[in-house]
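When we follow my numbering, the leftmost residue of the sequence shown carries the number 3, and every step to the right adds one.
Please read the structure below before turning to the comments.
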Amino acid sequence: MAVTTSKLLWCTIRFKEKEGSWWVKENSDPKHYEPDGLGILDPFQFPWVLDMMDPLREYGLSNEILEAAFVPFQPQEIDKDKDQTVRLIRVAEHILDSEEPLFALPNVKDGDKGAYADFLEHIMRLRVKLINDTIKLEQKLTVEDVDEQLSELRNQAMIEGRDIHPFEEITDILEFVPLGHEVPGDDDDDDKPARVQSAAEDIADLPDVEEVDKDMEKNLRWDDEDEPAEEGGEEGGPEGGKAPGKTPGRRR
């Protein structure tokens with residue numbers, strides 16, 4: 003598949019105090035990353051999600067799928083007049099390799115056949131394996147069972163006119179347990195990251211970030227292939243089957 007250079011180099015995010023989460027206000031590639039209803043994991047949430055996925059490693063958790071599912075961003079500046087708005091710039095490094103606290107934007111470029119959708123399906127399948135391995139059920143749990151129950155939550159959110167934040171979408175999978183059961187060793191909800199009240203509090207010390215180098219555009223690619231995209235050709239992302247339960251994740 004031909005490689006397409008990403009135009010996603012920066013985004014502006016806003017903090018919603020009521021929800022305690024960050025949402026994209028605008029970005030440099032709205033064609034592929036429509037801002038409406040697009041949430042982003044903050045530097046507190048992403049490490050927590052990584053810790054939550056540790057039990058899935060013995061069931062085959064893939065770092066490759068995980069890294070492809072998120073686009074890493076670093077804070078550049080806070081709006082001095084409205085401290086709930088922050089400008090982020092993309093960093094050209096693997097999100098799992100960075101020692102700096104980063105924001106993680108779901109890679110929704112290719113929708114239900116893209117990297118983020120593949121990631122959700124991946125962790126759902128592994129969660130099902132973990133549950134079947136640790137809980138004695140009358141019938142083995144299936145991915146379809148989990149998808150059906152989580153889809154009800156998504157549909158209810160849509161009825162309420164509420165967007166589903168990726169942190170909620172991911173933790174719903176990682177914490178899923180059949181009704182009336184519990185998984186030994188699951189973390190308590192009290193361990194979830196404490197929510198902040200403003201952008202200034204969340205990002206107290208901004209790193210000294212230089213203006214994005216023009217050559218970065220040549221380095222930020224979605225695939226590892228070397229063949230450049232033909233001019234005028236159709237853009238596309240990595241192939242993959244439609245993952246269950248992805249479509250209701252964002253309201254349109």
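Positions of the beta carbon are idealized from the N, C-alpha and C atoms, including for glycine.
Inset, instruction - Please classify Ser-30: does DSSP put it in a helix, a strand, or coil? - result: In the sequence shown, the residue the question calls residue 30 occupies position 28. Three-state result, Ser-30: coil.
Inset, instruction - Tell me where the beta strand (DSSP E) around Arg-59 begins and ends. - result: Against the sequence shown, residue 59 aligns to sequence position 57. Looking at the DSSP string, Arg-59 is not in any beta strand (DSSP E), and its letter there is neither H nor E.
Legend entry - Chain-order list of residues whose beta-carbon lies under 8 Å from that of Asn-65 (same chain, five-residue window excluded): One-based indexing of the sequence shown puts residue 65 at position 63. So the list reads Leu-98, once near-sequence residues are dropped.
Inset, instruction - Per DSSP, which residues does Lys-18 bridge with? Please list them. - result: Taking the first residue of the sequence shown as position 1, residue 18 is located at position 16. In DSSP, Lys-18 forms a bridge with Ser-23.
Inset, instruction - May I ask you to check if the CB of Ile-133 is nearer than 7 Å to at least one heavy atom of the ligand COA? - result: Of the ligands one can find in the structure shown there are none, so the ligand COA has no counterpart to examine.
Inset, instruction - In angstroms with no decimal places, state the Cα-to-Cα distance between Glu-1 and Gly-41. - result: Since the first and last residues shown for the chain are 3 and 254, residue 1 lies out of range.
Inset, instruction - Go to Glu-123, then tell me how far its alpha helix (DSSP H) extends in each direction, as first and last residue. - result: Translated into positions along the sequence shown, residue 123 becomes position 121. First-last of the alpha helix (DSSP H) with Glu-123: 117 to 136.
Legend entry - 7 Å CB neighbourhood of Lys-18 in its chain, flanking five on each side removed: Position 16 of the sequence shown, counted from the start, is the residue given in the question as residue 18. Apart from the 5 residues on each side of it in sequence, Lys-18 sits with its Cβ closer than 7 Å to the Cβ of Trp-25 in its chain, given in chain order.
Legend entry - Residue nearest to Gly-62 in terms of C-alpha spacing, selected from Cys-13, Lys-131, Val-51, Ile-175: For the purposes of this step, residue 62 is taken as the residue at position 60 of the sequence shown. The alpha carbon of Gly-62 has as its nearest neighbour, out of Cys-13, Lys-131, Val-51, Ile-175, the alpha carbon of Lys-131.
Inset, instruction - Take Leu-169 and list the residues in its own chain whose beta-carbon comes closer than 6 Å to its own, dropping the five residues that flank it on each side. - result: For this step, residue 169 is matched to residue 167 along the sequence shown. Per the sequence shown, the amino acid found at residue 169 is Phe instead of Leu. Cβ neighbours of Phe-169 beyond the five flanking positions: Leu-43, Gln-47.
Inset, instruction - Closer than 7 Å by C-beta to His-124: which residues in its own chain qualify, once you throw out the five before and the five after it? Chain order, please. - result: Reading the sequence shown from its first residue, position 122 is the one you call residue 124. Hits under 7 Å: Ser-64, Ile-67.
Legend entry - Local Cβ density within 10 Å of Gly-116, reported as buried at 16 or more and exposed below that: On the sequence shown, position 114 is the one that residue 116 refers to. Classification of Gly-116: buried, given that the 10 Å Cβ count is 16 or more.
Legend entry - 6 Å Cβ shell around Asp-71 - same chain, five flanking residues per side excluded: As a working mapping, residue 71 is identified with position 69 in the sequence shown. Before going further, note that residue 71 is Ala rather than Asp in the sequence given. The beta carbon of Ala-71 sits closer than 6 Å to the beta carbons of Asn-109, Ala-117, Tyr-118, Phe-121 from its chain, once the five residues preceding and following it are set aside; these are given in chain order.
Legend entry - Any 3 or more C-beta pairs closer than 8 Å across the stretch 132 to 139 and the stretch 175 to 184: Yes: at least three Cβ pairs fall under 8 Å.
Inset, instruction - Check the C-beta distance from His-167 over to Glu-21 and give it rounded, since I have them as a contact under 8 Å. - result: Translated into positions along the sequence shown, residue 167 becomes position 165. Translated into positions along the sequence shown, residue 21 becomes position 19. The beta-carbon separation of His-167 and Glu-21, rounded to 7 Å, stays under the 8 Å limit for a contact.
Inset, instruction - Note the first and the last residue of the continuous beta strand (DSSP E) segment covering Glu-79. - result: Walking along the sequence shown from the start, residue 79 turns up at place 77. That run of the beta strand (DSSP E) goes 72 to 80.
Legend entry - Closest by C-alpha distance to Arg-16, when choosing among His-34, Glu-79, Met-126: Counted from its first residue, the sequence shown places residue 16 at position 14. If you compare the alpha carbons of His-34, Glu-79, Met-126 with that of Arg-16, the shortest gap goes to Glu-79.
Legend entry - Contact check, Val-88 vs Ile-133, beta carbons under 8 Å: Your numbering for residue 88 matches position 86 in the sequence shown. Your numbering for residue 133 matches position 131 in the sequence shown. Using a Cβ distance threshold of 8 Å, Val-88 and Ile-133 do not count as a contacting pair.
Legend entry - Where Val-51 falls: helix, strand or coil (DSSP): The count along the sequence shown starts at 1 and reaches residue 51 at position 49. Helix.
Legend entry - Close Cβ partners of Thr-173 (< 6 Å) along its chain, the five nearest in sequence each way excluded: Along the sequence shown, one-based indexing puts residue 173 at 171. For Thr-173, there are no CB contacts under 6 Å within the same chain when 5 residues up- and downstream are skipped.
Legend entry - C-alpha distance - Leu-143 paired with Pro-57, whole-angstrom precision: Along the sequence shown, read from residue 1 onward, the residue named residue 143 stands at position 141. Along the sequence shown, read from residue 1 onward, the residue named residue 57 stands at position 55. So the two alpha carbons sit approximately 18 Å from each other.
Legend entry - Inter-residue Cα distance where the pair is Val-148 and Met-126: Position 146 of the sequence shown holds residue 148. Position 124 of the sequence shown holds residue 126. The alpha-carbon atoms of Val-148 and Met-126 are separated by roughly 8 Å.
Inset, instruction - Compute the distance between the beta-carbons of Ile-175 and Arg-129, then report whether it is under 8 Å. - result: Position 173 of the sequence shown holds residue 175. Position 127 of the sequence shown holds residue 129. Remark: C-beta atoms of Ile-175 and Arg-129 approach each other more closely than 8 Å.
Inset, instruction - Would you give the residue range spanned by the alpha helix (DSSP H) that Leu-155 belongs to? - result: Residue 155 sits at position 153 when you count from the first residue of the sequence shown. Residues 145 to 161.
Inset, instruction - Quick one: using the 10 Å Cβ neighbour count with 16 as the cut-off for buried, is Asp-112 buried or exposed? - result: As a working mapping, residue 112 is identified with position 110 in the sequence shown. Per the 10 Å Cβ criterion, buried.
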